[in-house]
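Protein chains in written order, with this note's numbering: chain S, 1 to 921; chain W, 1 to 333.
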Amino acid sequence: MTDKNKPQKPFSRRSFIQTAAMTAATLALPGCSRKEKPVLSTLTGDFDPLRSYPYRGWEDFYRKIWTWDKVVRSTHSANCTGSCSWKVYVRNGVMVREEQAADYPRINADLPDYNPRGCQKGGCFTEFVYSPQRLRYPLIRTGERGEGKWRRATWDEALTLVAEKLLDNVYNYGPDTNSFFSVIPAMSPVSFCAGSRLAHYIGGVFLSFYDWYCDLPPGEPLTWGVQTEACECADWFNSKYIVLWGSNISQTRIPDAHFAYEARYNGAKIVCISPDYNASATHADLYFRINPGTDGILALGVAKLLIDQDLIDAPYVKEQTDLPLLVLAGTKRFLRESDLKSGGKEDVFYFWDTKQQRAVPTPGSMGSDQKTIQLSGADPALTGTFQVQLAGDKTAEVTTVFELLKKELSQYTLDKVAVRTGLPAHEIELFARELGTRKPAMIIHGAGTNHWFHNDLINRSFILLVALTGDIGKNGGGFNHYVGQERIWPEQGFFKLAFPETRKKQRFQNTTLWSYVHSTNKDPHLYNGKPIEWYIQESVKNGWMPLWPKNGKKPRAFIVWRANYLNQAKGNEILESSLWKDLDLIVDINYRMDTTALYSDVVLPAASYYEKVDINSTDCHSYIHPFGKACEPLFESKTDWDIFHALAEKMADVATRKGLKPFHDDAFDWNRDFTQLAHDWTGKGAIQTDEQAVNFILGNAEETKGMTYQQIQQKPLRFVATDPESWNSDIEPGVAYTPFKHQVDKKRPWRTLTGRQQFYIDHPWYIELGEELPTFKEPVAEKYPLYWNTPHGRWSIHSTWRDHRAMLRLQRGGPIVYMHPDDARKRGLKDNDWVRIHNEVGQCVCRLQILPGEKPGRVTMYHGWEKYLGFKQGGWQSLTYIKIKPTQLIGKYGHVNFRLNYWGPTGNNRDTKVDVEKAKV
Amino acid sequence: MSKHQYAMVMDLNKCLGCQTCTIACKKLWTDRDGTGYMYWNNVETRPGLGYPRQWDRIGGGWKDGTLQPSPLPPMDDYGHAWEYNYEQRLYEGKKQPVMPSPEPQSGVNWDEDVGGMNADENYFFYLPRICNHCTYPACLEACPRKAIYKRDEDGIVVIDQERCQGYRYCIKACPYKKIYFNEVTGKSEKCIFCYPRLEKGEVNACAAQCPGRLRFVGLLDDPESPVHKLVLVHKIALPLFPEKGTQPNVFYVPPFNPPKRENYGKSILEDPRVPLDYLVYLFGAEVKDVITRLEAELKKAQEGGRSEVLQLLIGRDAETRFHVRPQLVQIQV
């Protein structure tokens, strides 16, 4: 024993003799330096390695690994919503590793800080930069699309090909046959704007993404008149009741999940509602293993309990929601001023003031002269039936939205809800009681529930809960939806850069509709007896939804950058065999050979995330931070900004060479002179570089006034203000951002037809389809036995990192489908078997993992797998097709109008069903 | 006993299973030839196979003052580092999809999220693992070359990459199987507790980069350090398999899972989702007392009170979670 104080410990030091006997001893002097140590020496004296060691010079071996020449701040843009600032370490001109910058400033001393912000995927991006998938040179296809046969081209050749084709299309087929697809400006707005500016100046169609990827919660534009609003994630810590509903934060909000679990230590309770027992469920105080597709009925059952047990915040509901507004019993339409007097307004509404015992106009609606929702002493009735005098001397019966809601909710009895959801009745009751009494309470919402066909109804039912409890618009409360990095904070600066002649002079298109109409997709279901095609025609005819190109033309050119359209598309196989065949030029601009690039005609190599200058922001926090050039773009790649700049120049050259006369674009009365394209594209020469573009955005937005690229390269900066045009709350020093304080504290009208949180939508299609109020509808009926669940997961951000070797090694090496042991047993399937997953649309073949946490009756494959990796056949989107929900095609209804990514049909996919069998391989 | 001892506490209730620690470690230390299969830091789902498979069942450590070496785990038990032939599919016009090679049959995270069943309810939690930098390291004792030593100034256990001859007695002796053989260099390697970083005042990469913020680092003998407080004052962090006799310096705050169906509101000792026996298996009998006290603290917080120990576990910033003291620790070279 060497330590006399620990005689009972089991350590017994060998004797010198025993040790020396094992090897040939060579003498070395105690304290000899590293170099003098004989290479093959063994023990030369009795030293005790528990206390001292004579040869420690070797330790430099590891010290030298942790060295670098240069550190550059950058980030990633894969649409993860993380928006994490990283340090990229460069040694000998090679990007060797990255580490979170971990220097987001603290909001206040009580809130946990945002550091370190970043996940395992961000932690190994450098491997992508030098990977075989990295695109090095311009490529032009020589084989079939998708075959992987290419020839290396010069930039000049590739750009000439693209430029000539785009111009041919404009003059021969119309500018609306050129289509542009790029997602999520917030993650790299300069790269986004590079292409959107080109689309803008050549009259191309700019396609939506947030709705197409079903990240848009359509219940938010319907109820609140906003695309999406959510608190920044530090505000989770302010909550006392956090409901994870359709959001597996441990997997999909890796940089933010700590705020929820730390809130728990600060006194919050956590509820997790999910069919699978997952990595977030393990952290909950209450776990609801809910039947898939029944979230809506649970929410409405809980709403009923809140009302029945008087757990609602009545003053809030009366002031902030449309629940006291009066509805005509006969027509089911809101009572409007136009009903009461001839020439009255269509957008002035009424509640019943119990003090005056009469119907009075609600302040703050779209047609109201009052720009406040303050009740000014009135006390709106929530319940009751009343008589009102209509224009032309008729009387009519009116009642409140709240009365109608109570009637609607009466069917969702506790027993019925317990049976349908598969949850214990008394735990549903406890949940309702806690939701109504623990303040503030919030729902953290995600794609798990948002990807259902009836997502609008599900959203509206969830929002209803936290509106009834008065939690919306308060720190630590509300309905907070986080799917996709949709929020660009310096919004006005961005719009000016993206669409310089304003959005009014840009062709925009909802991608779900575009993909459906321009392919052989066919939804066999009928809605109220009519096929979806009838609703589409009506919607387009009424001018509710645009449909480009016009007059039955097909899109001809498709430019994709910062996106993987084909791999991620619902109905992937259908699109490949129809839309894809009709396109005669597909261009992909990318740093990585993804599936869309593989199935393109021309591939242009872009700079990676660590080789460019740009900015990045997210809904999840209130800071701006940059991309930086750790190295110049590798190989022959260029930044997106430089690529589109070069393309604009090439198009101007072609136009000059061919002597093209300006094209008169009738839709905007715009004379497009393509010989001047590069001049226009650069803002008449003012914005030549990507850094100038960054500074243009920063300088043209309230949120970033006074900031420069060089400043944020030093440190992330918190936004200094919010533009009231874009935002519903102020940004306040020392306070986590949470939305709707303008409405709840300052009593400004909500951005809806009624000026309130609007749960009642009296559009004729909503009334016809029985959806004027939040209601529960079963998932779309499909024949197969197992739900095909393709959620966001921890190992990829959509398709990015799906093909990344370091990530694959921490999984099972390729795509896997998860199945409950009972479902596997029934089918005679074993863990790691090759299985065929199939339905009426298609099939894919991959390996099986048996997972006890999965819900029987459902199989899961985390989404995004590249079609070229690991599948023996097909891919995860081979089983889906596009289903459009009719109610999402409406327009010209107050606040509900088509706007890119704000309102338009969502590309839902959760209602898909499949079967699984052992594959013959 | 070393003069000082760096230690780490991991709060399993904050672990996301995201493996950012694994990648932080991998990209920093084992992104070299011969280290592909090697994860000095790994996160495994418990209960489960572990990495290498069944490491907790095969032996190692001390019994009655004698080493209990296990057999050497075969490579299949670690899993192979798959390679991918991207070029043939993406650039060479070959039809075969990109596939992992060799065919996947096992891997470092093979049974992710599988866990166990308690009656008909699933349970699992994540167990991040590094070298325990034990006070009585079995590896050190087993090394016939005396190439493993414990740094006197900070208690970090390291393998001399020049003297090591790759005999792998250390691998057999380690009860945690946290030493890996590099076939290219012929040396055994393991977690070095990021001593190059600590020496410069930077905390370990796995801890610095952990977005779940569940790792606390400091000197066990520094009363100001969070590890001292959590292990010795609040006594809510326990070592893994204490009966193996090595006295680890990595400690865990044991996990809760939500109650089973119909059990909302019941105490953790009453029909819990994670069977108590399993926690006792991992952390020893003391775990019952620890989770009982932790549950009481949580209840206090959720009823509006303030729990000192939970406030510490919140770990609001890096200064709270990490006390790296290069000035206290004089490097001895």
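Ideal placement from N, C-alpha and C gives every residue a C-beta, glycine not left out.
DSSP places R433 of chain S inside the alpha helix (DSSP H), whose first and last residues are 425-437. Here F462 of chain S has A299, I443, F479 as same chain residues with Cβ atoms under 6 angstroms from its own Cβ, once five neighbours each way along the sequence are excluded.
E83 of chain W sits in a strand when the DSSP states are folded into three classes. Identification of chain S residues near M75 of chain W by a Cβ-Cβ cut-off of 8 angstroms yields none; the smallest Cβ-Cβ distance measures about 14 angstroms. Judged by beta-carbon spacing, P175 of chain W lies within the 9 angstroms limit of G59 of chain W, meaning their Cβ atoms are closer than that value.
Every alpha helix (DSSP H) of 4 residues or more that sits fully in the stretch 747-813 of chain S is shown, in chain order, as 764-768, 805-808. Of S:Y241, S:D310, S:H820, the smallest CA-CA separation from K406 of chain S is found for S:D310.
For chain S, none of the residues of the stretch 36-59 of chain W brings a beta carbon within less than 7 angstroms of one of its beta carbons. The residues E153, D154, G155, L219, D221, L328, V329, in chain order, have a CB closer than 7 angstroms to that of H4 of chain W in the same chain once the five nearest residues on each side in sequence are set aside. Proximity of chain S to N122 of chain W at the Cβ level (cut-off 7 angstroms) is accounted for by Y277, P852, G853, in chain order.
The way I'd put it, the stretch 697-711 of chain S does touch the stretch 482-496 of chain S; three or more beta-carbon pairs between them come closer than 8 angstroms. Against M593 of chain S, the close residues of chain W are L90, in the order they occur along the chain (beta-carbon pairs closer than 7 angstroms). T22 of chain W sits buried, since 16 or more C-beta atoms from the chains shown fall within 10 Å of its C-beta. For L161 of chain S, there is no enclosing beta strand (DSSP E); the residue is part of the alpha helix (DSSP H) that begins and ends at 155-172. With contacts defined by Cβ atoms closer than 9 angstroms, D823 of chain S and V859 of chain S form a contacting pair. In this structure, the alpha-carbon of P785 of chain S lies about 13 angstroms from that of P779 of chain S.
For L414 of chain S, the closest alpha carbon among the candidates S:A78, S:I307, S:G875 is that of S:I307. Only those residues of the stretch 230-257 of chain S whose C-beta falls short of 7 angstroms from the nearest C-beta of chain W are listed: S250, I254, P255, A257. The secondary-structure analysis by DSSP pairs E99 of chain S across a beta bridge with S:K87.
Apart from the 5 residues on each side of it in sequence, P100 of chain W sits with its Cβ closer than 7 angstroms to the Cβ of W82, Y84 in its chain, given in chain order. For T511 of chain S, the enclosing alpha helix (DSSP H) has its first and last residue at 511-517. Positions of the alpha helix (DSSP H) runs, each at least 4 residues long and wholly inside the stretch 380-431 of chain S, are given as 401-409, 414-421 in order along the chain. About 12 angstroms separates the beta carbon of S519 of chain S from that of L566 of chain S, a gap too long to meet the 8 angstroms contact definition.
The three-state reading of DSSP puts E702 of chain S in helix, counting H, G and I together. Residues S515, H518, S519, P555 of the same chain have their beta carbon placed closer than 8 angstroms to that of L579 of chain S, with the five preceding and five following residues left out of the count.
Checking the DSSP bridge columns, you'll see T45 of chain W partnered with W:Y126.
Around D588 of chain S, no beta-carbon contact reaches into chain W at under 7 angstroms, the shortest distance being about 13 angstroms. Taking a Cβ-Cβ cut-off of 8 angstroms, E243 of chain W has no neighbours in chain S, whose nearest Cβ is about 11 angstroms from it.
In the DSSP assignment, Q843 of chain S falls within the beta strand (DSSP E) that extends over 843-850. Using beta-carbon distances, T292 of chain W does not count as an interface residue toward chain S, since no partner is under 9 angstroms.
In the three-state DSSP reduction, A279 of chain S falls in the coil class, being neither helix nor strand.
Within the stretch 712-742 of chain S, contact with chain W at the beta-carbon level (separation under 9 angstroms) is assigned to no residue.
Here the alpha carbon of F124 of chain W sits roughly 20 angstroms from the alpha carbon of R213 of chain W. Close partners of C18 of chain W in chain S (Cβ separation under 8 angstroms): C119, Q120, S250, Q251, I254, R794. Bridge partners of I242 of chain S according to DSSP: S:I270, S:M442. Chain-ordered, the chain S residues with CB closer than 8 angstroms to the CB of A208 of chain W read E99, Q100, A102, P116.
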